[in-house]
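Protein chains in written order, with my numbering: chain C, 7 to 252; chain X, -6 to 174; chain F, 297 to 1014.
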């Protein structure tokens, strides 16, 4: 392949890779070697900001068996009590209470014909899919505050960088972003350093921590996401995707 | 028999222990003479000695002239007693010893129906045949029956309780407690 | 002023007459009473005049939770509803209904510790609480509806995550035997009609806030896991119900029913309950398969899952799917409940069913009854309602007291046949006060007995099983001898105390219980089952412990069906639980360090306030003879101890009826129970002659103002 002059080419040059590497080869290699490409945007846009584009997948995932959920909600209180020191289901990064009465689709018909305690008794536990690239919440964050947790590669809100704009909240199709009103910061499931508190707390073994796999296409979304991203970030997409001239 | 430092012996015992643990996990005891080719005298008196570290969960239990093994990691002594007893061909022996144990321990009469459940799994036909007239056998003269008002049958040992007491406990278990939620 | 964890610090007051909504400082006013019943009693003492009746405008309703509610303290999802009870007869006195579910936790997340409801609305209303925003809203569109529809409607107005505590038509129609219900199957008995008298349809809550844990979060996690590690199954039964390899002991009546081959048969696909090793904290929720326990083996295939209250690892509410409910009875196939609310169909309304109490008709009848009770919001009163109906049928009183027309209108042939749809007719009559029968049945045993002029024999009929003041025996001598009798004496309504019974029936052998009991209360507290010995001080201490802990739990809040954790399933602990667990949970959550004795003192304060209210409102200090009464059958019935139920009791095998303190009977002895009362009062520091709290005791507990008031009314013992 002819040596080009794109940012990608310059990076390929920068790294010590076989000379016949194609773009696809680069991306494949990259997933193993470098989790993220902080430099792309800066090089592309020539700006001083370096947006984070998460490419690596998470190591693990919390999966939920809805037929074993007994609605005790100990997962929610464990999530916040053992992380923030207070019981606050609205802040919990695993979500059961919102589905408890009528199921994930809320109340569309009185009682008895839906899900949840007032339906067919099915309680659905919503867990973060730790989305593969593109990570909706991370992409929406104007300050690249959603980063990779080093041990598990969970997508995690860096509390120091978060400014509380809530753009991530509207970006997540499963409404898994929470917001700590008292701190003014977003929060999300970060897999508790590889030993998720919710999994430890579950009284029936309905929650398990397993190797990551892509559930983002398998689980129905809760809302039409409102993807928002800054210009310099979308320009960054062009480094791997052919989006033409902006 | 010297304390086991013989590595061949240790190896045999470790293999045996693996088998016994697996059996215990499945709620079964293992008959010694089925896993130990030597005589019972040659089997280490205790599996808790110096050269046998890591085997101290393996315990012995004797019933009806046989010796059985189980792992204390996966089975309690009381359950092992019942499981060993369950291996006996003589159903009356199974019934009598179990009833005596329950009557002494709690105290409580034993429902006849419970012998159809693990670890005994006696068929109803065999059970009825064994229970009828059990106290006629001089070995089991203390094993007596009492009927609750719903027709369910209980057995108790007269060594540990009298008929009136057994009847009241049986009635409570079978009928009274149901409406005493 | 130190800030505490646990409490939100805010108590809500809603005046339905004036519409005024105000906030009070929980810590300043009520910290010494914790919450729940404690706060309820304090409000009733301070604000509700002596002699106020249940339906009077001056009566107040205190829906209270406590510092532990909403946290992951195991089994802390309870709410107490304290008020003057309309079913307490002949004096309407202080009592509390209790409900689990999820309402209580939600109230804490909304930022409230208690809701005090006073006055009376002219029109039907409901109280809507969304965090700090509280409104009294019109409920005229909800009035006349059952609890199911009212709940669904309110959720449409307030959001699908709302927790709704509502009354049904029974409460609206001032049926004394009515409830408040939340989360489908969780009801507080006896209080529904008080809500109805205030035209209050529901209190609905949404909360997005937090309950702060004062302690370091790792320390708190360690304590919650420790508490979980020593808990048993439902009713803190600590051994399985069948012989299992991991267990030394088993007990046929244990609620630790999980085993290989027993399934939630209607799960999708079925879920095996399996072996639940006590060390496995991720299987605690599987231990209690209650549907088959309550309704027999047929219920296995109908069970979707188990469920229950917020934060509780023990799921004791069976959730069943019974398809034929729709076609046969026009009711939802989905039903949930536990204990008496899942066995009301087989407790006396219908004498017998084809194929017996575990047959299909019986199972269907139990589901029909559950829906009737939970939607109409009728209080079963621990099956007293069923037994009273059975009584009026078999005694001929139904025939003689009802007009010919009304008698004929009742579908008796359905009752004969064991047709569960009979229950739909009867419960409807009760909910809507239809006819003489409907009206009278809903009044409760005390008033009904008066209105229909029941013979004296009614009060001592063991098939009726009444204790006193319109409420039934509930875990008395039949299982816990004198201790049970002392516990039953104390309340003014349904005796909702399980501390003593849970311990005695936890499934451990007698000698183990005696060792544990000796450590807690001294030698002699525990007798072998059905083999009682004369009264002793240890038994009195056991009774006091049972009651104080019950008051404590209903104020903290914790579930008295699980706590106290007097025993545990762990052989490594010699089956000992932890008598100080409540104080440990309390100390870490609130940051207010109290050891077991200090927290028990708070419980004693709360219990004494209940006693003082009872004295005040009965206008006598002679509790001993006027209030602490024991039905004659406890002493006289020769068959006490031979079990039985509505079907009757069988005769003992031979010989004369067993005397008290002989093996095989639960009969008590009158003189012995007088000694029991003496010892009990002495343990509590109450006057022996009257059973009434003394000034010294009240002052020791920080209740000097109560002592002064009682003195003023000449109600302090001499």
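Glycine included, every Cβ here is placed at the ideal spot set by N, Cα and C.
Quick check: what's the CA-CA separation for residue i versus residue j?
i                       : j                      : result
residue 96 of chain X   : residue 156 of chain X : 12 angstroms
residue 218 of chain C  : residue 4 of chain X   : 41 angstroms
residue 713 of chain F  : residue 668 of chain F : 20 angstroms
residue 665 of chain F  : residue 758 of chain F : 23 angstroms
residue 738 of chain F  : residue 765 of chain F : 15 angstroms
residue 904 of chain F  : residue 527 of chain F : 29 angstroms
residue 1074 of chain F : residue 886 of chain F : This structure does not reach residue 1074 of chain F, given that chain F is present from 297 up to 1014, and the question cannot be answered.
residue 530 of chain F  : residue 633 of chain F : 14 angstroms
residue 469 of chain F  : residue 485 of chain F : 16 angstroms
residue 433 of chain F  : residue 648 of chain F : 46 angstroms
residue 118 of chain X  : residue 732 of chain F : 55 angstroms
residue 678 of chain F  : residue 171 of chain X : 13 angstroms
residue 177 of chain C  : residue 520 of chain F : 36 angstroms
residue 504 of chain F  : residue 512 of chain F : 23 angstroms
residue 6 of chain X    : residue 51 of chain X  : 10 angstroms
residue 128 of chain C  : residue 663 of chain F : 19 angstroms
residue 522 of chain F  : residue 707 of chain F : 55 angstroms
residue 742 of chain F  : residue 782 of chain F : 21 angstroms
residue 768 of chain F  : residue 384 of chain F : 11 angstroms
Would you kindly report the start and end of the unbroken beta strand (DSSP E) that includes residue i?
i                      : result
residue 64 of chain X  : 59 to 64
residue 184 of chain C : 184 to 186
residue 573 of chain F : From DSSP, residue 573 of chain F is part of no beta strand (DSSP E); its letter is neither H nor E.
residue 824 of chain F : Where residue 824 of chain F is concerned, there is no enclosing beta strand (DSSP E), given that its DSSP letter is neither H nor E.
residue 434 of chain F : 429 to 434
residue 933 of chain F : Segment: none, residue 933 of chain F is in no beta strand (DSSP E) and carries neither H nor E.
residue 680 of chain F : First-last for residue 680 of chain F: 680 to 690, but that is the alpha helix (DSSP H), not the beta strand (DSSP E).
residue 831 of chain F : Per DSSP, residue 831 of chain F belongs to no beta strand (DSSP E) and is neither H nor E.
What do you reckon, are the CB atoms on residue i and residue j nearer than 8 angstroms?
i                      : j                      : result
residue 411 of chain F : residue 337 of chain F : no
residue 760 of chain F : residue 748 of chain F : no
residue 779 of chain F : residue 842 of chain F : yes
residue 102 of chain C : residue 215 of chain C : no
residue 404 of chain F : residue 361 of chain F : yes
residue 14 of chain X  : residue 64 of chain X  : yes
residue 139 of chain X : residue 163 of chain X : yes
residue 496 of chain F : residue 436 of chain F : no
residue 407 of chain F : residue 304 of chain F : yes
residue 535 of chain F : residue 552 of chain F : yes
residue 446 of chain F : residue 498 of chain F : yes
residue 787 of chain F : residue 727 of chain F : no
residue 636 of chain F : residue 676 of chain F : yes
residue 235 of chain C : residue 145 of chain C : yes
Pick from the options: whose alpha carbon is nearest that of residue i?
i                       : options                    : result
residue 908 of chain F  : F:888, F:1001, F:350       : F:1001
residue 309 of chain F  : F:351, F:328, F:431, F:395 : F:431
residue 1015 of chain F : F:883, F:319, F:833        : Past the boundaries of the shown model lies residue 1015 of chain F; chain F is included only from 297 to 1014, so the question cannot be answered.
residue 240 of chain C  : C:199, C:159, C:142, C:190 : C:142
residue 227 of chain C  : C:202, C:182, C:238, C:210 : C:182
residue 628 of chain F  : C:201, C:123, C:138        : C:123
residue 562 of chain F  : C:90, C:119, C:70, C:126   : C:126
residue 81 of chain X   : X:55, X:99, X:46, X:144    : X:55
residue 319 of chain F  : F:306, F:331, F:659        : F:306
residue 921 of chain F  : F:525, F:974, F:342, F:821 : F:974
residue 514 of chain F  : C:110, C:203, C:231        : C:203
Which residues bound the alpha helix (DSSP H) around residue i?
i                      : result
residue 615 of chain F : Note, residue 615 of chain F: premise wrong, no alpha helix (DSSP H); beta strand (DSSP E) at 613 to 617.
residue 896 of chain F : 892 to 914
residue 971 of chain F : 966 to 980
residue 717 of chain F : 717 to 727
Give a yes or no on whether the minimum CB-CB distance between residue i and chain A is below 8 angstroms.
i                      : result
residue 585 of chain F : As a matter of chain content, chain A is missing from the structure shown, whose protein chains are C, X and F.
Whole alpha helix (DSSP H) runs in the stretch 731 to 819 of chain F with 4 or more residues, listed along the chain?
731 to 737, 741 to 747, 773 to 785, 795 to 800, 806 to 817
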